[in-house]
Ligand code: EPZ
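In my numbering, the protein residues as written are 14 to 429.
As structure tokens, this is what we get:
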């Protein structure tokens with residue numbers, strides 16, 4: 014397994030271009046299963062998770078070609094099973110459930126199983142499908158769902174679930190009648206997906222709000238769509254500029270999508286200004302410790318919590334990080350402590366006391382965003398950091414070492 018070697022202490026300077034959003038590309042690629050004919054999607058990021066979802070889609074009988082622009086021809090599907098060996102590598106595979114039941118009348122998808130950051134059940138996905146008339150059973154670790162034709166229903170999500178909203182929004186596109194999703198998630202990736210579904214012939218209003226209405230249609234046809242920029246990748250580089258005292262233009266991401274982060278960075282004494290095509294982030298005037306509380310969009314994103322903890326770890330004072338979305342998303346804390354951070358975890362809160370400097374050390378990635386956090390810690394630490402298990406990183410960041418090197422970081426990937 015490859016490792017990342019980082020020599021800390023360089024101020025990041027220059028410009029970084031943001032790639033397409035993993036969490037938009039995954040549901041958008043899956044949406045092609047609803048369509049007869051060819052769909053083409055642009056600005057798809059080149060990531061391990063994208064390779065996994067392409068394997069899944071091919072497994073159902075669709076033809077898939079391309080990389081940054083991907084063409085999917087889902088005219089003839091001849092399989093409705095998503096196997097455990099693929100689903101266990103990417104939980105988002107559960108997104109195929111709704112489209113397969115809607116298009117093919119049935120699906121057999123492995124339960125995703127546990128995850129480092131939490132139990133992450135899919136009960137709300139299944140409950141919604143049942144309310145739309147599907148017969149759902151759990152058998153040998155698989156979800157078996159079938160319905161001659163899903164029927165529109167009013168669905169209330171107990172929790173704002175991103176992929177739950179996406180799964181059921183897609184299923185409702187081909188249902189008979191109207192579906193209303195209440196307490197729906199409002200992430201920008203859901204709006205991006207809805208735009209693509211509408212180009213395919215779906216009738217959707219309200220995406221991006223807590224109430225989404227979908228009028229079912231009888232068929233959908235392939236269309237073109239473009240994946241939005243990755244706001245979490247953008248936020249990761251913005252925090253990198255802040256903690257190293259650098260001066261970086263982060264381009265290709267609408268500042269609106271990182272509004273909560275911008276507010277928090279400014280509270281912490283970082284200069285952030287809007288520039289054409291993105292933002293300019295300048296650190297170097299000290300870091301004020303602040304409190305962070307993760308919430309569903311438009312609140313502070315849980316996917317930037319670990320990265321923001323590095324900023325607090327080298328801040329001037331005490332900051333409290335409250336994680337409200339997942340029950341175990343502090344796996345990065347133990348590794349940060351090995352680098353000299355002063356952090357105490359109590360339940361869903363981490364109390365972070367800033368230290369004058371972190372020290373490079375051998376550390377281990379446990380999940381996607383924890384690995385990004387440890388790269389950032391290596392950039393700001395004194396000495397050398399060696400990060401192992403970086404396959405986690407490759408799931409969600411396109412060529413991170415190249416992008417950070419271009420900004421002046423001393424970072425390289427070495428084959429294990
Ligand atoms: C999506 O995961 C993202 N993944 C995650 O990004 C992100 O952290 C998360 O949303 C929250 O923003 C993709 O979009 C592919 P949820 P998802 O359903 O949809 C509970 C990354 O790093 N819940 O919104 O799986 C759940 O346990 C990844 O890119 C149920 O209880 O998250 C969690 O506590 C990590 N039952 C909360 O809801 C359900 O049926 C929110 O989860 C569904 C969810």
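Ideal placement from N, C-alpha and C gives every residue a C-beta, glycine not left out.
query: Local Cβ density within 10 Å of residue 128, reported as buried at 16 or more and exposed below that; result: exposed
query: Given residue 440 as reference, the closest of 256, 57, 203, 90 once Cα atoms are compared; result: With the chain covering only 14 through 429, there is no way to say anything about residue 440.
query: Heavy atom of the ligand EPZ within 7 Å of residue 73 beta-carbon; result: no
query: Close Cβ partners of residue 428 (< 7 Å) along its chain, the five nearest in sequence each way excluded; result: 15
query: Residue 205 versus residue 241 - alpha carbon distance; result: 7 Å
query: Contained alpha helix (DSSP H) runs [length at least 4] in the segment 133-214, N- to C-terminal order; result: 136-144, 175-186, 201-212
query: Nearest-angstrom beta carbon gap, residue 406 and residue 30 [assumed within contact, 8 Å]; result: Actually they do not touch by this definition, with Cβ atoms about 18 Å apart.
query: Distance, residue 360 Cα to residue 248 Cα; result: 26 Å
query: Residue 130: first and last residue of the uninterrupted beta strand (DSSP E) it sits in; result: No beta strand (DSSP E) holds residue 130; DSSP gives it neither H nor E.
query: Proximal residues to residue 366 (C-beta, below 7 Å), its chain only, five neighbours per side dropped; result: 331, 355
query: Beta-carbon proximity of residue 283 to residue 296, cut-off 8 Å; result: yes
query: Whether residue 403 touches residue 61 by CB criterion (8 Å); result: no
query: Euclidean distance between Cα positions of residue 298 and residue 314; result: 25 Å
query: Cut-off 7 Å between Cβ atoms - residues of its own chain near residue 414, not counting five sequence neighbours on either side; result: 17, 424, 425, 426
query: Residue 95 in three-state terms, based on DSSP; result: strand
query: Check whether residue 227 and residue 185 have beta carbons under 8 Å apart; result: yes
query: Residue 7 - DSSP class collapsed to helix/strand/coil; result: Outside the displayed range of the chain (14 to 429) lies residue 7, so it cannot be described from this structure.
query: Beta-ladder partner(s) of residue 63, from DSSP; result: Paired residues: none, contrary to the question.
query: Identity of the residue in 279, 135, 221 nearest residue 176 by Cα; result: 135
query: Cβ neighbour criterion (16 or more within 10 Å) applied to residue 310; result: buried
query: Proximity of residue 221 and residue 195 at Cβ, strictly below 8 Å; result: no
query: Contact test: residue 147 Cβ vs the ligand EPZ heavy atom, cutoff 7 Å; result: no
query: Alpha helix (DSSP H) runs wholly inside the segment 34-90, at least 4 long, in chain order; result: 35-44, 61-72
query: CB contact flag (residue 362, residue 333, <8 Å); result: yes
query: Residue 4, DSSP secondary structure in three states; result: Residue numbering for the chain in the displayed model covers 14 to 429; residue 4 lies beyond these limits and cannot be assessed.
query: Nearest residue (CA-CA) to residue 236, options 203, 66, 213, 306; result: 213
query: Outcome for residue 142 when other beta-carbon atoms lying within 10 angstroms are tallied against a minimum of 16; result: buried
query: Residue 144 beta carbon less than 8 Å from that of residue 166; result: yes
query: Near the ligand EPZ: residue 135 beta-carbon under 7 Å from a heavy atom; result: yes
query: Terminal residues of the alpha helix (DSSP H) in which residue 396 lies; result: Neither: residue 396 is in no alpha helix (DSSP H) and is coded neither H nor E.
query: Cβ-heavy atom distance, residue 194 to the ligand EPZ, below 7 Å; result: no
query: Residue 339 CB to nearest heavy atom of the ligand EPZ below 7 Å; result: yes
query: Closer than 8 Å to chain C by CB, residue 253; result: The structure shown contains no chain C; it is built from a single protein chain.
query: Supposed close pair residue 32, residue 320 - CB separation, criterion 8 Å; result: With 8 Å as the limit, residue 32 and residue 320 do not qualify as a contact, their Cβ atoms being about 17 Å apart.
query: Neighbour-count burial assignment, residue 55, 16 or more Cβ in a 10 Å radius; result: exposed
query: Outcome for residue 112 when other beta-carbon atoms lying within 10 angstroms are tallied against a minimum of 16; result: buried
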